[in-house]
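Taking it in order: structure first as structure tokens, then the write-up.
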Amino acid sequence: MYTQYSKLNITFRRIFVVLAGLLSLPVLLLLPVNKRTRLGSFLHRYWTQTSAQPVWLKKIEQGFK
752 MYTQYSKLNI
762 TFRRIFVVLA
772 GLLSLPVLLL
782 LPVNKRTRLG
792 SFLHRYWTQT
802 SAQPVWLKKI
812 EQGFK
């Protein structure tokens with residue numbers, strides 16, 4: 752039903768997350784806490800995505816571990 756991303760695609764996504772996190776660090780230190788957590792949450796979801804299926808749906812199907 753959902754397509755799995757290739758290992759290369761996942762690797763590039765994770766490299767992007769690390770670079771985006773490092774580049775946004777100086778700006779994050781100046782932002783209020785709620786905006787920092789929102790960006791951190793987005794980066795975490797982007798990091799854990801391995802298919803076209805939404806992360807929240809995958810966690811529900813697997814059960815929260």
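Position one of the sequence shown corresponds to residue 752 (my numbering), numbered consecutively onward. All C-beta atoms, glycine included, are put in the ideal place defined by N, C-alpha and C.
1. For Ser735, report the span of its alpha helix (DSSP H) as first-last.
2. Secondary structure at Gln804, three-state DSSP: helix, strand or coil?
3. Report yes or no: do the region 765-773 and the region 805-816 share at least 3 C-beta pairs separated by less than 8 Å?
4. Got a sec? Which residues, its chain only, sit under 8 Å from Trp798 by beta carbon, not counting five neighbours each side?
5. Considering only the alpha carbon of each residue, which of Glu812, Ile811, Gln804 and Leu808 lies closest to Tyr756?
According to the structure shown:
1. The displayed coordinates of the chain run from 752 to 816. Any statement about residue 735 would go beyond what the structure contains.
2. Residue numbering aside, residue 804 sits at position 53 when the sequence shown is read from its first letter. The answer is coil: DSSP assigns Gln804 none of H, G, I, E or B.
3. no
4. Here residue 798 corresponds to residue number 47 of the sequence shown, with the count starting at 1. A distance below 8 Å between beta-carbons, with the five flanking residues on each side excluded, links Trp798 to the following residues of its chain, in chain order: Arg764, Arg765 and Val768.
5. One-based indexing of the sequence shown puts residue 756 at position 5. Selected option, being the one with the closest Cα: Gln804.
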